[in-house]
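Going by the UniProt record's numbering, the first residue of the sequence shown is number 1, and it counts up by one from there.
Encoded as structure tokens, the structure appears first; notes follow it.
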Amino acid sequence: MQASVRRLVLCPLAASRSGHISYGLLRPVGCLWSPRTRNLFSETGVWETAYKTETRVRLEEWWQPRIMTQCRNDALEESSNKEKFYVLSMFPYPSGRLHMGHVRVYTISDTIGHFQRMRGRQVLNPMGWDAFGLPAENAAIERGLDPEEWTKSNIQSMREQLDSLGLCFNWDREVTTCLPDYYRWTQYLFVKLFEAGLAYQKEAMVNWDPVDQTVLADEQVDENGCSWRSGALVEQKLLTQWFIKTTNYAKVNGEESGENLSAYCSSPETVFGAAYVAILPSHRLLHGRSSVRSALEKAFQPGKDCLTEVTAKNLFTGLEVPLVISREEAFDGHLESVIGVPDCREEDLSLARALNLRCTTVLTSDEDGKQTLINSDEFSGLTREQAFDAITQKASEQKVGGHLTSSKLRDWLISRQRYWGTPIPVVHCGSCGPVAVPEDELPVTLPKMPSFKGKGASPLEAAHDWVNCRCPRCKGSARRETDTMDTFVDSAWYYLRYTDPHNTDRPFERHLADRWLPVDVYIGGKEHAVMHLYYARFLCHFCKDRGLVAHREPFWKLLVQGLIKGQTFKLADSGQYLKREEIDFTDKEPVVHGGGRVEVSWEKMSKSKHNGLDPQEVVQQYGVGTVRLYTLYAAPPEQDILWNVKTDALPGVLRWQCRLWSLVTKLRGARQLGDVPSPSLLKKKELAETKKIWENKNYTIQEVTSYFTEDFLFNAAISRLMGLTNTLTSATVKVVQHSEEFEEALAALVLMIAPMTPHLASELWAGLCQVKNPLGGLLRQGGNVLQQSWPTVDPEYLQVPDFVQLSVLINNKACGTVTVPQQVSKDCERVQQLIMESPFGQKLLGGRRIKRAVLSPRTPLINLLIDE
Numbered sequence: 001m002q003a004s005v006r007r008l009v010l011c012p013l014a015a016s017r018s019g020h021i022s023y024g025l026l027r028p029v030g031c032l033w034s035p036r037t038r039n040l041f042s043e044t045g046v047w048e049t050a051y052k053t054e055t056r057v058r059l060e061e062w063w064q065p066r067i068m069t070q071c072r073n074d075a076l077e078e079s080s081n082k083e084k085f086y087v088l089s090m091f092p093y094p095s096g097r098l099h100m101g102h103v104r105v106y107t108i109s110d111t112i113g114h115f116q117r118m119r120g121r122q123v124l125n126p127m128g129w130d131a132f133g134l135p136a137e138n139a140a141i142e143r144g145l146d147p148e149e150w151t152k153s154n155i156q157s158m159r160e161q162l163d164s165l166g167l168c169f170n171w172d173r174e175v176t177t178c179l180p181d182y183y184r185w186t187q188y189l190f191v192k193l194f195e196a197g198l199a200y201q202k203e204a205m206v207n208w209d210p211v212d213q214t215v216l217a218d219e220q221v222d223e224n225g226c227s228w229r230s231g232a233l234v235e236q237k238l239l240t241q242w243f244i245k246t247t248n249y250a251k252v253n254g255e256e257s258g259e260n261l262s263a264y265c266s267s268p269e270t271v272f273g274a275a276y277v278a279i280l281p282s283h284r285l286l287h288g289r290s291s292v293r294s295a296l297e298k299a300f301q302p303g304k305d306c307l308t309e310v311t312a313k314n315l316f317t318g319l320e321v322p323l324v325i326s327r328e329e330a331f332d333g334h335l336e337s338v339i340g341v342p343d344c345r346e347e348d349l350s351l352a353r354a355l356n357l358r359c360t361t362v363l364t365s366d367e368d369g370k371q372t373l374i375n376s377d378e379f380s381g382l383t384r385e386q387a388f389d390a391i392t393q394k395a396s397e398q399k400v401g402g403h404l405t406s407s408k409l410r411d412w413l414i415s416r417q418r419y420w421g422t423p424i425p426v427v428h429c430g431s432c433g434p435v436a437v438p439e440d441e442l443p444v445t446l447p448k449m450p451s452f453k454g455k456g457a458s459p460l461e462a463a464h465d466w467v468n469c470r471c472p473r474c475k476g477s478a479r480r481e482t483d484t485m486d487t488f489v490d491s492a493w494y495y496l497r498y499t500d501p502h503n504t505d506r507p508f509e510r511h512l513a514d515r516w517l518p519v520d521v522y523i524g525g526k527e528h529a530v531m532h533l534y535y536a537r538f539l540c541h542f543c544k545d546r547g548l549v550a551h552r553e554p555f556w557k558l559l560v561q562g563l564i565k566g567q568t569f570k571l572a573d574s575g576q577y578l579k580r581e582e583i584d585f586t587d588k589e590p591v592v593h594g595g596g597r598v599e600v601s602w603e604k605m606s607k608s609k610h611n612g613l614d615p616q617e618v619v620q621q622y623g624v625g626t627v628r629l630y631t632l633y634a635a636p637p638e639q640d641i642l643w644n645v646k647t648d649a650l651p652g653v654l655r656w657q658c659r660l661w662s663l664v665t666k667l668r669g670a671r672q673l674g675d676v677p678s679p680s681l682l683k684k685k686e687l688a689e690t691k692k693i694w695e696n697k698n699y700t701i702q703e704v705t706s707y708f709t710e711d712f713l714f715n716a717a718i719s720r721l722m723g724l725t726n727t728l729t730s731a732t733v734k735v736v737q738h739s740e741e742f743e744e745a746l747a748a749l750v751l752m753i754a755p756m757t758p759h760l761a762s763e764l765w766a767g768l769c770q771v772k773n774p775l776g777g778l779l780r781q782g783g784n785v786l787q788q789s790w791p792t793v794d795p796e797y798l799q800v801p802d803f804v805q806l807s808v809l810i811n812n813k814a815c816g817t818v819t820v821p822q823q824v825s826k827d828c829e830r831v832q833q834l835i836m837e838s839p840f841g842q843k844l845l846g847g848r849r850i851k852r853a854v855l856s857p858r859t860p861l862i863n864l865l866i867d868e
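Listed below in structure tokens is the structure:
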């Protein structure tokens with residue numbers, strides 16, 4: 001009988017070594033099960049012929065703890081002999097509830113992790129918690145709770161939800177940013193920045209959020225001047241704040257006589273026209289321990305542009321230019337040094353003439369005003385646009401140029417006037433000024449706050465016993481810094497801590513960080529990407545310069561994930577968001593019950609917009625496998641998903657799972673007909689069918705492997721797997737019974753769905769491995785599906801023919817095929833020429849002009865668009 005699913009129960013299955021409990025899916029309470037519907041093959045040895053709701057529930061219940069156990073065992077069996085693969089998804093803020101965006105990003109990372117394990121990689125797929133911040137503090141204030149208690153309870157809840165989705169994270173590497181064993185090392189890195197002169201305090205006009213009562217970085221204010229978090233209109237205040245000098249890593253780097261000088265060039269394509277490098281009077285070369293300090297001091301005159309005897313060599317051009325101390329107090333963009341190019345800016349030309357500096361013209365214009373480079377070595381003759389690409393590319397290859405950046409970049413403001421954050425490890429001494437807390441006294445832990453309102457000055461000001469302390473340097477009376485750090489500081493280095501999360505002596509061992517970095521693929525929502533990536537890359541660059549890591553860039557590839565949007569309804573007049581039950585859908589256009597026009601749109605899911613989904617309710621209704629497949633199939637990762645269960649995506653995924661089940665049922669049934677399978681019984685027609693299956697299998701393996709490794713187009717991979725499913729579904733009974741090709745293709749199909757839907761694949765594989773008299777080698781291997789090797793293309797399929805048969809479409813209509821040499825088959829222009837010269841082409845085209853030719857990059861097909 002059909003089960004009635006009403007609610008989901010989570011039950012502890014096993015405790016990990018770290019003390020965390022893993023949870024499994026249990027069948028819904030209130031379901032009535034007949035003895036027949038309890039027949040799960042893995043449990044009873046009886047194969048259900050149809051994939052029913054109760055079958056799905058039983059198999060997910062059965063395989064959940066087994067998959068989690070296997071993943072834990074795999075994580076503990078580290079092998080330096082295996083090639084590493086580090087897949088990282090942005091860790092969540094522990095709000096207490098997962099949303100569908102979480103489900104999407106973690107399904108993607110889990111899928112990639114399973115795939116890479118099946119390819120023999122040692123996979124790191126860690127998880128942790130971005131646990132400090134305003135939301136927890138505000139929630140705790142509203143409920144009269146300690147933020148720590150609130151945060152820890154939310155972590156436990158979300159951990160259970162993640163486990164219920166069958167996500168195989170390396171939980172033994174879990175990090176939580178609000179725990180002292182983590183933020184001790186956040187403070188350590190701050191101290192290193194402070195010692196390097198990259199963390200400093202100054203009075204500045206800052207963005208003040210009047211609701212959250214704290215400062216915001218420029219990047220945390222939207223285009224309307226409102227706080228990214230509270231939505232309040234931001235005010236301007238003059239406050240003393242802590243900054244990190246991120247702009248030092250946003251410029252072009254060069255070296256001369258051991259001195260490292262960074263300078264910004266707004267037009268890198270004109271770099272051969274540089275006449276000088278200008279620095280501010282506050283530059284470190286004038287005030288630090290530099291070998292050229294005395295020469296610069298000798299030339300310096302306040303309020304004047306001063307030509308010095310020091311020259312700077314451009315490592316890209318090989319040219320030397322003089323160093324000038326500018327009379328300016330600041331350059332645009334908070335830059336400390338700039339490259340002067342007279343051809344680009346009138347101000348640069350005026351200064352060069354005033355100091356009698358040599359100027360080289362590098363730009364010339366034609367009658368139309370188009371600018372071309374001259375006097376620029378091999379780049380001469382290029383347009384300005386072409387030169388920009390060519391010069392920046394070469395500079396990157398030679399590692400003498402930084403990343404292209406905006407001149408509007410500001411140093412990173414990290415002070416926050418709140419309690420729930422990493423304490424800034426600095427004390428203020430009347431005699432010594434700001435002094436960093438010694439490393440052996442870290443962490444500076446947050447004091448327990450019996451009560452706080454979170455308004456006005458930092459709540460830490462009230463912790464008098466904590467605030468009043470001794471200066472580490474002179475031992476005199478001092479006060480602790482009461483601002484806490486922006487949570488982006490915590491998340492700027494967590495990917496490094498994952499490589500060595502239990503180290504009590506340092507943030508991480510270099511050899512472990514060097515083993516895993518850079519992250520092979522980093523996955524996260526596009527709304528979080530810009531700020532976080534900038535800060536994370538800055539900190540990795542800093543760690544490289546301090547000798548902590550070998551890699552300057554932390555991430556090899558970024559996979560930006562789109563949103564999952566829900567349908568929203570709001571009153572046309574007021575903009576008030578409505579619940580679905582408040583709307584009458586009887587007519588073509590929805591209206592409010594009782595009248596009132598409704599605007600319908602798709603927006604990011606939110607409780608306030610009444611368009612959100614509880615992932616556990618969705619899993620309860622459709623199952624883990626269906627939800628995972630849907631999120632992968634509905635759209636490419638970077639595109640938004642419009643969640644609508646009436647669309648083809650979700651019903652299509654449900655049907656596909658049933659068809660996969662039917663294929664295994666079909667093979668098991670055919671092999672039980674009595675005859676021992678014998679390929680020699682197949683006739684000519686059936687042999688042609690088996691060849692088609694073999695070709696389709698190899699083509700699918702080739703395509704799906706490419707989708708999983710190159711562009712992560714899981715939706716395209718699923719479509720190709722559905723195509724192979726169609727081919728196998730149409731196979732005749734005799735082919736199913738006697739061909740190795742059908743058996744191997746079905747086995748490969750099940751293996752390829754395993755990373756995306758491991759519960760279903762595990763049961764299908766168990767059913768396949770018990771097929772009588774297997775012909776191929778795949779079904780004799782034994783073990784769980786996730787322990788199998790990823791299928792590979794048969795070598796004979798890879799033998800490249802001398803010629804390729806190309807399908808020809810004219811104005812999107814199939815017209816026939818042509819045979820072209822293999823070596824030109826990917827050259828659209830050459831293929832088009834061969835078609836036009838062939839009798840086939842002359843007959844079909846009749847001399848008509850081809851407006852455009854589109855050559856498929858993946859299949860042997862060309863589409864010719866012609867005038868009718």
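Glycine is no exception: its CB is placed at the ideal position from the N, C-alpha and C atoms.
Treat the numbers as computed from the prediction; the structure is a model and nothing was measured.
Output the boundary residues of the beta strand (DSSP E) element that contains residue i.
i: residue 205; result: 199 to 209
i: residue 742; result: No beta strand (DSSP E) holds residue 742; the alpha helix (DSSP H) holding it covers 740 to 753.
i: residue 214; result: 214 to 216
i: residue 89; result: 84 to 89
Looking at the strands, I want to know which residues DSSP matches up with residue i.
i: residue 237; result: 206
i: residue 880; result: Outside the shown range of the chain, which is 1 to 868, sits residue 880, and nothing can be said about it.
i: residue 869; result: The chain is shown only over 1 to 868; residue 869 falls outside these bounds and no answer can be derived.
i: residue 567; result: 602
i: residue 769; result: Note: residue 769 sits in no beta bridge, so no partner.
i: residue 597; result: 591
Considering just the uninterrupted stretch of the alpha helix (DSSP H) at residue i, what are its terminal residues?
i: residue 669; result: 649 to 670
i: residue 71; result: 53 to 76
i: residue 523; result: Looking at the DSSP string, residue 523 is not in any alpha helix (DSSP H); the run it does join, the beta strand (DSSP E), is 521 to 525.
i: residue 191; result: 180 to 195
i: residue 152; result: 147 to 164
i: residue 42; result: 41 to 44
Under the assumption that residue i contacts residue j (Cβ atoms under 8 Å), give the Cβ distance between them as a whole number of angstroms.
i: residue 623; j: residue 97; result: The Cβ separation is near 20 Å, so there is no contact.
i: residue 605; j: residue 547; result: Going by Cβ atoms, the distance from residue 605 to residue 547 rounds to 45 Å, so no, they are not a contact pair.
i: residue 338; j: residue 278; result: 5 Å
i: residue 493; j: residue 244; result: Not confirmed; about 12 Å, so no contact.
i: residue 512; j: residue 482; result: Not quite, the Cβ-Cβ distance comes to about 35 Å (not below 8 Å), so this is no contact.
i: residue 638; j: residue 521; result: With a Cβ gap of about 13 Å, residue 638 and residue 521 do not count as contacting.
i: residue 855; j: residue 808; result: So it is not a contact: roughly 11 Å between Cβ atoms.
Under a Cβ-count criterion, where at least 16 other Cβ atoms within 10 Å of its own Cβ denotes burial, should residue i be classed as buried or exposed?
i: residue 858; result: exposed
i: residue 697; result: buried
i: residue 869; result: Because the chain is modelled from 1 through 868, residue 869 falls outside the range shown and cannot be assessed.
i: residue 802; result: exposed
i: residue 454; result: Low confidence applies to residue 454: its pLDDT is 49, below 50, so where it sits in the model is not reliable, and the reading given next is rough at best. The residue in question, residue 454, is buried, as its Cβ has 16 or more Cβ neighbours within 10 Å.
i: residue 600; result: exposed
i: residue 867; result: exposed
i: residue 406; result: Reliability fails at residue 406, whose pLDDT of 44 lies under 50, so the model's placement of it is uncertain and the value that follows must be treated cautiously. Per the 10 Å Cβ criterion, exposed.
*Quick one: which unbroken alpha helix (DSSP H) runs of 4-plus residues sit fully inside the segment 789 to 860? Chain order, please.*
828 to 837, 839 to 845
*asked:* For a minimum of 4 consecutive residues, which ranges assigned as the alpha helix (DSSP H) are wholly contained in the segment 689 to 737?
replied: 714 to 729
*alpha helix (DSSP H) runs contained entirely in the UniProt domain "Aminoacyl-tRNA synthetase class Ia" (603 to 642), provided each spans 4 or more residues*: 615 to 622, 624 to 633
*Hey, which unbroken runs of the beta strand (DSSP E) at 3 residues or more fall wholly within the UniProt domain "Leucyl-tRNA synthetase editing" (255 to 395)?*
259 to 263, 276 to 279, 306 to 313, 320 to 325, 337 to 340, 363 to 365, 371 to 373
*Minimum length 3: unbroken beta strand (DSSP E) runs contained in the segment 92 to 136*: 122 to 124, 126 to 129
*What runs of the alpha helix (DSSP H), each 4 residues or longer, lie entirely inside the UniProt domain "Aminoacyl-tRNA synthetase class Ia" (408 to 565)?*
464 to 467, 487 to 491, 494 to 497, 510 to 516, 526 to 545
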